[in-house]
Amino acid sequence: MAVNVETLDKLERKITLTLPADAIKSEVDSRLKRLARTVKMDGFRPGKVPINVVAQRYGYSVHFEVMNDKVGEAFAQAANEAKLRVAGQPKITEKEEAPEGQLAFDAVFEVFPEVKIGDLATAEVEKLAAQVSEEAIDKTLDILRKQRRTFAQRPQDSGAQEGDRVTVDFEGKIDGEPFQGGKASDFQFLVGEGQMLKEFEDAVRGMKSGESKTFPLAFPEDYHGKDVAGKTADFMVTVKKIEAARLPEVNEELAKSLGIAEGTVEALRADIKKNLEREVRFRLLARNKQAVMDALVAKAELDLPRSSVQAELDRMVEGARADLKQRGVKDADKAPIPDDLFRPQAERRVRLGLVVAELVRANDLQAKPEQVRAHVEELAASYEKPAEVVRWYYGDNRRLAEVEAVVIENNVTEFVLSRAQVKDKEVSFDELMGQG
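Residue numbers (this note's numbering): 279 to 714.
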């Protein structure tokens, strides 16, 4: 039987479903009989509860379940017959008027849109490239040395210098009044590493052990401590101890301590380079993927299903609440988070998801098993025991699905780059890593 599909809006549709009333009644009776065999009720032995008593207690809920099931089945069958790609859940309401012996329902729902992707040959995409320089290896080596530095006390008459670890007592007052977090004893920090506000570091730099000083400190307007943000405090600081940092030499001993089996400086630098190249590869892929996705969205024409946008908004609001809860915010579950805060992002995600899905379907860009395996092995390569990491990914379908999604995005990226007008741009290692 042909299904009559009524168009209400761009993507909104309506179909009318009819169900024989006797089929509903028959299924309700059947379920109540099954229930009577197992239900426990006071005053009756198990399996001996009269059917009319069971119907009185459970009739409404069983009837509701049956209606839900039967209407759901009827809708799925009708949508399938009409070859509709349904987005979200239908809104189903019972009609007052129905044919004799029938129950009738209106199902209002949205369908996924037709996605039109323009000519990718006219799309312009900037593709970044970067190299791992010797300077980048040197910087990474310095970071590794700093992580293994030791400290030795400086002579009494030596002032605090860049990189020194100082132990201080301090107390700050605003308009002569102490404030929360403004006082500490035996507080340690490293000079020049940005652990303290610049004015505090500048005041301590050059001070000697046992020396005290008072100085004004202006808190920035965007300081995390709201009570003191934008205010000026008077601080008194006393330096109790100054320790100079000692970095380990770049030698075979350092190489071995960093897990380099050969124990040579050359092997250590080669290992650092390999790890940095892997990081560069991932970052370049992420940046270039973003550029491709921007170009795709710009080239696509489609209407957005409201239900899909709402589902994405709900996910994002839920994520924001979970984040607030993790930060210890009281009553995070009830925090008022307006949908509009995330709407542009949600709409973009839905738009991009539909465009990518269409491109994947039309050009057979699904993730192939060997691609998934190669990506998992690349992710695992930076760990101490790669084989265990590979097993971890393959031990959970959800984790594997996440990898598949990334591989599909990579396939889409390569597909678009092979057709678009690509402008190559070399960027420095620091710029790619967000240091410049």
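Idealized CB from N, CA, C, for every residue including glycine.
Inset, instruction - Would you mind reading off the limits of the beta strand (DSSP E) that contains Glu290? - result: Taking the first residue of the sequence shown as 1, we reach residue 290 at position 12. In this chain, the beta strand (DSSP E) harbouring Glu290 covers Glu290 to Pro298.
Legend entry - Beta carbon of Arg443 nearer than 7 angstroms to that of Gln466: Taking the first residue of the sequence shown as position 1, residue 443 is located at position 165. Taking the first residue of the sequence shown as position 1, residue 466 is located at position 188. Yes, they are a contact pair.
Inset, instruction - Pull up the distance between the alpha-carbon of Lys509 and that of Arg426, whole angstroms please. - result: Translated into positions along the sequence shown, residue 509 becomes position 231. Translated into positions along the sequence shown, residue 426 becomes position 148. In a straight line, the C-alpha of Lys509 is about 38 angstroms away from that of Arg426.
Legend entry - Presumed contact (8 angstroms Cβ cut-off) between Asn689 and Leu657, rounded CB distance: Within the sequence shown, the letter at position 411 stands for residue 689. Within the sequence shown, the letter at position 379 stands for residue 657. Actually they do not touch by this definition, with Cβ atoms about 17 angstroms apart.
Legend entry - Straight-line Cα distance separating Arg621 from Lys373: Taking the first residue of the sequence shown as 1, we reach residue 373 at position 95. Taking the first residue of the sequence shown as 1, we reach residue 621 at position 343. Computed Cα separation, rounded: 34 angstroms.
Inset, instruction - Return the chain-ordered ranges of every alpha helix (DSSP H) run that is complete within the stretch 616-658 and spans a minimum of 4 residues. - result: For the stretch 616-658, whole alpha helix (DSSP H) runs of length 4 or above, ordered along the chain, are 621-641 and 647-658.
Legend entry - When Trp670, Gly321 and Lys326 are compared against Lys311, the one with the closest alpha-carbon: The sequence position of residue 311 within the sequence shown is 33, counting from 1. Out of Trp670, Gly321 and Lys326, Lys326 has the C-alpha closest to the C-alpha of Lys311.
Inset, instruction - Count the C-beta pairs between the stretch 286-302 and the stretch 380-399 that are closer than 8 angstroms, then say yes if the count reaches three, no if not. - result: Output reads yes: the stretch 380-399 touches the stretch 286-302.
Legend entry - Cα-Cα separation between Leu398 and Ser585, rounded to whole angstroms: As a first step, residue 398 must be located in the sequence shown, where it is residue number 120. As a first step, residue 585 must be located in the sequence shown, where it is residue number 307. Answer to the nearest angstrom: the Cα atoms are 29 angstroms apart.
Legend entry - C-beta atoms of Ala408 and Phe707 nearer than 7 angstroms: Sequence index remark: in the sequence shown, residue 408 carries index 130 (1-based). Sequence index remark: in the sequence shown, residue 707 carries index 429 (1-based). Cβ distance < 7 angstroms, so Ala408 and Phe707 count as in contact.
Legend entry - Phe429 beta carbon less than 7 angstroms from that of Val515: Start at 1 with the first residue of the sequence shown, and residue 515 comes out as number 237. Start at 1 with the first residue of the sequence shown, and residue 429 comes out as number 151. Judged by their CB atoms, Val515 and Phe429 are not nearer to each other than the 7 angstroms cut-off.
Inset, instruction - Specify the secondary structure class of Thr285 as computed by DSSP and reduced to three states. - result: Counting from one through the sequence shown, the residue named residue 285 turns up at place 7. Here Thr285 sits in strand by DSSP.
Legend entry - Ile452 - containing alpha helix (DSSP H), residue span: Taking the first residue of the sequence shown as 1, we reach residue 452 at position 174. No alpha helix (DSSP H) holds Ile452; the beta strand (DSSP E) holding it covers Arg443 to Ile452.
Inset, instruction - Look at Ser487 and Gln568 and say whether their C-beta atoms are less than 7 angstroms apart. - result: Here the question's residue 487 lines up with position 209 in the sequence shown. Here the question's residue 568 lines up with position 290 in the sequence shown. No, the Cβ-Cβ distance between Ser487 and Gln568 is not below 7 angstroms.
Inset, instruction - Would you list the one or two residues that DSSP bridges to Gln514? - result: Locating residue 514 in the sequence shown gives position 236, counting from the first residue. The displayed chain sequence assigns Met, not Gln, to residue 514. DSSP lists Glu449 and Thr492 as the bridge partner or partners of Met514.
Legend entry - CB contact flag (Val570, Val403, <7 angstroms): Here residue 570 refers to the residue found at position 292 of the sequence shown. Here residue 403 refers to the residue found at position 125 of the sequence shown. At the C-beta level, Val570 and Val403 come within 7 angstroms of one another.
Inset, instruction - Check Val386 in the structure and name its three-state DSSP category. - result: Here residue 386 corresponds to residue number 108 of the sequence shown, with the count starting at 1. Strand, per DSSP.
Legend entry - For Ile329, the three-state DSSP class (helix, strand or coil): The residue given as residue 329 occupies position 51 in the sequence shown. Reduced to three states, the DSSP call for Ile329 is helix.
Inset, instruction - Would you check if the distance between the CB atom of Val528 and the CB atom of Val543 is smaller than 7 angstroms? - result: As a working note, residue 528 is residue 250 in the sequence shown. As a working note, residue 543 is residue 265 in the sequence shown. Yes, they are a contact pair.
Legend entry - Contact with chain D by Lys509, beta-carbon distance below 7 angstroms: Considering every chain present, this structure includes no chain D. It has just one protein chain.
Inset, instruction - Pull up the distance between the alpha-carbon of Val705 and that of Lys534, whole angstroms please. - result: For the purposes of this step, residue 705 is identified with residue 427 of the sequence shown, where counting begins at 1. For the purposes of this step, residue 534 is identified with residue 256 of the sequence shown, where counting begins at 1. Their Cα atoms are separated by approximately 33 angstroms.
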